[in-house]
Structure formats: C-alpha cells, structure tokens
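Sequential numbering of the sequence shown, starting at 99, is according to this note's numbering. All C-beta atoms in this analysis are idealised placements derived from N, C-alpha and C, irrespective of residue type, glycine included. Since the structure comes first, as structure tokens, the remarks are kept for the end.
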Amino acid sequence: KDEISKLSDKELARIRREELGFVFQEFYLMDSLDVFENIMLPFYISKTVDDSKKERARVLMDKFGIRTLEKKMPAELSGGERQRVAICRALINDPEIIFADEPTGNLDSKSGKIVIDALKDINEHMGKTIIMVTHDPQMASYCSRLILLKDGVILEDLEKNIQNKEDLEYIKVQIFNLYNMFFDEVNRMEEMSATRMETLAQSQAVLQERVEKLENQLKSMEKELYIDEESDFAITCPYCNAEFVVDYDEL
C-alpha cells in the first residue's frame, strides 16, 4: 500500500469510490435516480456496469428489505428506507471499511434500530469494519470498541468483551457515564462565544465581591449584636433597614 499523502487526487478519488464505503446522516441520494440506480451509482461513475454488478445490487436490496422499492424515487421513501439504500450503495463495491457519520441522526427510534441492526449484520456476518461517528450512547453501545474524543484528544478507549447480559449492561453504563460527563461540558463550551466567556468571568467576579461583602456584614452584625436576657431586643436588616423586635423568652 502506498503512503496516502503521496497519492494524486485522482488516485485518492478512485480509492474512495472503489475501496471505501460511506454512509452519511443526510443520505445524499440522487433525487433524479431511482433506488436501483442510486445503488449502482459508483459503477455508473466508473463506467463498469455489467450483469454481475446488477445482480449484486439486487442481492443487497433483498438483504436489507428494499427490493420492492427498486423503482421508487428517493422522495417516495421514508428516512429509514433512504438510509438502507445508502447502505447498499456503500456496500456495492464490497469495501473493507465503511465510514458511517451519524447514520441514525435523522431517523426516528424505530428506523434507527433497523439501520443499526443492518450495520451490525454487516460487521458480524459480512466481515466489514465499520468506523462510526455518533453522539448517541445507544448507538455506541453496539460497537465492539469505543473511542471517546474531545477537541481531538482521546479521553477513553474502551474495548468490549461481552460474555453475557450483565457485561452488556456494564458497558452501557460506562458509555452513558462518559457521555454525560464529557459531552455535556463540550456542548456547553461550544455554545459559549469568546464574548460570553468574558461576560461569565466578569459575572463571577461581581458575584465573588458580593459574597465577600455579605460575609463582612454578617461578621459586623455578630460583633454589634448585644442580647439583654431581661428584655426584648431589636435587629435591623442590613438590606432593607426593616427592624425586627424579638422576645428573648421566646427563643
């Protein structure tokens, strides 16, 4: 294998077209082509269409339950059906690696389950490596290896060795804990612009100043307060100047 950085743009395009498969969140089907033509698109581009490749497309459609949709246009399909068409297109060249970018991000839970089951089947029974990017802990729980990233840095690298249901539940708990811990923070930080961060710092300084002032006032009150056990006494609120008379015997 050649070092990828030394390859020409044309050769890189060939590798992407013929040796890798891609599944996107937005499907990226050609609206002007029907289901069969979308799946066959890599062969149309490379001008290598033949009967064996057409048969392979039909086998994939059978496998993923969309054979009856062969002549349908993308606009006539549900989100889950579109994604299964995209998966068939990704597999048509029999690639060793499939890259999936948030493959269930635009799907409801039922359609998402169908898609993730399809990807799991591709990995376990077709022997394909799937590299998937997801923010969904449920999706991540299907993977045999999980790499948690933040700002390009690996925070956790988990490899699952599932022997029973308890192992699976343990892994799921780990996944959810990690996501809750790290991605909540990431999402909050991404929402904050530099101006908002500066404003936050200023607000914190003002708050700290007020806390210190309050502490000093309370200390002053403690020193000035004198309790006469034989009579009532009054306390003046330092904030609203209201006076409260307290009967010592009721304390």
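Check: Within 10 angstroms of the Cβ of R154, are there 16 or more other Cβ atoms? Answer buried if so, exposed if not.; Outcome: buried
Check: Let's test the definition: count the other Cβ atoms within 10 Å of the Cβ of T202 and tell me whether it reaches 16, buried, or not, exposed.; Outcome: buried
Check: Closer than 8 Å is the cut-off here; do at least three beta carbon pairs connect the segment 126-146 with the segment 214-226?; Outcome: no
Check: Assign T146 to one of three DSSP states: helix, strand, or coil.; Outcome: coil
Check: Using only alpha-carbon positions, find the residue among E168, L256, E222 that is nearest to A238.; Outcome: L256
Check: To the nearest angstrom, how far is the alpha carbon of R112 from that of D234?; Outcome: 32 Å
Check: Check each candidate in R115, E109, L110 and name the one with the smallest Cα separation from I190.; Outcome: R115
Check: Using a threshold of 8 Å, state whether the C-beta atoms of L139 and F197 are closer than that.; Outcome: no
Check: For L247, is the classification buried or exposed, using 16 other Cβ atoms within 10 angstroms of its Cβ as the cut-off for buried?; Outcome: exposed
Check: Give every residue of the same chain whose Cβ lies closer than 6 Å to the Cβ of E168, excluding the five residues on either side of it in the sequence, and list them in chain order.; Outcome: V133, F134
Check: Between the C-alpha atoms of I212 and D129, what's the straight-line distance to the nearest angstrom?; Outcome: 23 Å
Check: To the nearest angstrom, how far is it from the Cα of I102 to the Cα of I195?; Outcome: 16 Å
Check: Using beta-carbon positions only, say whether I214 and V183 come within less than 8 Å of one another.; Outcome: no
Check: Identify every run of the alpha helix (DSSP H) within the segment 214-262, keeping only runs that are complete inside it and at least 4 residues long; order them along the chain.; Outcome: 235-238
Check: Just confirm the distance between the C-beta atoms of E200 and V231, as a whole number of angstroms; I'd bet it's less than 8 Å.; Outcome: 6 Å
Check: When the distance is taken between beta carbons, is I228 closer than 8 Å to C186?; Outcome: no
Check: Put G119 into one of helix, strand or coil per three-state DSSP.; Outcome: strand
Check: Let me make sure I understand the geometry here. Which of I252, Q181, F162, D148 has the alpha-carbon closest to that of F120?; Outcome: Q181
Check: What's the gap between the Cα of K104 and the Cα of A188?; Outcome: 25 Å
Check: Candidates S242, L127, K108: which alpha carbon is nearest P172's?; Outcome: L127
Check: In three-state terms, what does DSSP make of D199?; Outcome: strand
Check: Using the three-state DSSP reduction, which class does G177 fall into: helix, strand or coil?; Outcome: helix
Check: Does DSSP put P193 in a helix, a strand or coil?; Outcome: coil
Check: Can you round the beta-carbon distance between G178 and S207 to whole angstroms, since I take them to be within the 8 Å contact cut?; Outcome: Actually they are not in contact, since the Cβ atoms of G178 and S207 sit about 10 Å apart, beyond 8 Å.
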